[in-house]
Amino acid sequence: MVGEIIDLEARKAYGSIYEAIIAASKEFGIDEEGATAIALRSLEILHERGRR
1 MVGEIIDLEA RKAYGSIYEA IIAASKEFGI DEEGATAIAL RSLEILHERG
51 RR
């Protein structure tokens, strides 16, 4: 449930970037859970770099 809430919030905040990361991950054979984890971590990294 918490993962679903975080996923929904990320989709709202980052939209097409988030969706593109998930789509690309799936193209490389990564399942939905893995693709979501990659997308969330990617956005965390972008957010951290934006604070520097």
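Each step along the sequence shown adds one to the number in full-length UniProt numbering, with nothing skipped, and position 25 is 25. Heads up, the beta-carbon is just placed ideally off N, CA and C, and yes, glycines get one too.
Going by beta carbons, Ala39 and Tyr18 fall inside the 7 Å limit. Within the model, the alpha-carbon separation for Arg41 versus Glu27 is close to 18 Å. Put simply, the backbone Cα of Ala24 is about 14 Å away from that of Leu43. Apart from sequence neighbours up to five positions away, the residues of its chain that approach Tyr14 with a beta-carbon distance below 8 Å are Leu43, ordered along the chain.
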